[in-house]
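Going by full-length UniProt numbering, the residue at position 102 of the sequence shown is 102; the numbering climbs one at a time, nothing skipped.
Idealized CB from N, CA, C, for every residue including glycine.
These numbers come from a predicted model, not from an experiment.
As structure tokens, the structure follows; a few thoughts come after it.
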Amino acid sequence: MAIVSGIEIPNNKIGLIALTYIFGIGLSTSKRIFKDTGIDENIKVRNWSDEDINKIRKYISSNLRIEGELRFEIQLDIKRMIEIGCYRGIRHRIGLPVRGQKTKNNCRTRKGKKKTVANKNKKKIK
């Protein structure tokens, strides 16, 4: 397996898809990496030469923020939003969806498991 930025990328995938296993690199960024380094994106990882791997490592380390550094930056951004009290910060603080989703029926991922509310006593009609 090839190791790029501390992440093992799978050998049996083509390079374009394999780089997306790294947090912070999506499909478009992966395409840009291959375009700028001059490596064919359709070659499988197991067929990369050591020179190709070194080019990719060097490009990623000098031009991109990935993995731990990126996660830390995202957490700082969220903390800043919470501190200044903007709308998105408030939504983060109370654990509701941040990007405008409806909350009446869905959003269980953010709200957590359903909490049952006790029913009101129904008056029996005789």
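C-alpha gap between residue i and residue j, whole angstroms
{"i": "Asp-40", "j": "Glu-73", "result": "31 Å"}
{"i": "Asn-61", "j": "Thr-116", "result": "According to the sequence as given, residue 61 is Ser; it is not Asn. When rounded, the distance between both Cα atoms is 49 Å."}
{"i": "Trp-48", "j": "Pro-97", "result": "42 Å"}
{"i": "Lys-44", "j": "Arg-99", "result": "37 Å"}
{"i": "Asn-11", "j": "Tyr-87", "result": "44 Å"}
{"i": "Asn-54", "j": "Arg-71", "result": "24 Å"}
{"i": "Arg-108", "j": "Leu-64", "result": "33 Å"}
{"i": "Ala-118", "j": "Ile-78", "result": "35 Å"}
{"i": "Ile-7", "j": "Gln-75", "result": "21 Å"}
{"i": "Gly-89", "j": "Gln-101", "result": "15 Å"}
{"i": "Ile-14", "j": "Asn-106", "result": "37 Å"}
Closest Cα partner of residue i within the set the options
{"i": "residue 186", "options": "Pro-10, Gly-24, Ala-118, Ile-33", "result": "Missing from the structure shown is residue 186; the chain here goes from 1 to 126 and no further."}
Neighbourhood of residue i by C-beta, 6 Å cutoff - its chain only, sequence neighbours within 5 removed
{"i": "Leu-19", "result": "Ile-25, Ser-30"}
{"i": "Lys-113", "result": "none"}
{"i": "Arg-46", "result": "Asn-11"}
Contacting residues, own chain, Cβ-Cβ under 8 Å from residue i (five flanking each side not counted)
{"i": "Leu-16", "result": "Leu-27, Ser-30, Lys-31, Phe-34, Glu-41, Asn-42"}
{"i": "Ser-5", "result": "Ile-22, Arg-57, Ile-60, Ser-61, Ile-66, Glu-67"}
{"i": "Ile-9", "result": "Met-1, Ala-2, Ile-3, Ala-18, Leu-19, Tyr-21, Ile-22, Val-45"}
{"i": "Thr-103", "result": "Leu-96, Pro-97, Lys-111"}
Residue i, buried or exposed, once every other Cβ within 10 Å from all chains shown has been counted against 16
{"i": "Ala-2", "result": "buried"}
{"i": "Asp-52", "result": "buried"}
{"i": "Ile-94", "result": "exposed"}
{"i": "Ile-84", "result": "exposed"}
Proximal residues to residue i (C-beta, below 7 Å), its chain only, five neighbours per side dropped
{"i": "Asp-36", "result": "Tyr-59"}
{"i": "Met-81", "result": "Arg-88, Gly-89, His-92"}
Of all the alpha helix (DSSP H) runs that stay within the bounds of the region 31-114, which reach a length of 4 or more residues? 50-63, 67-84, 87-94, 108-111
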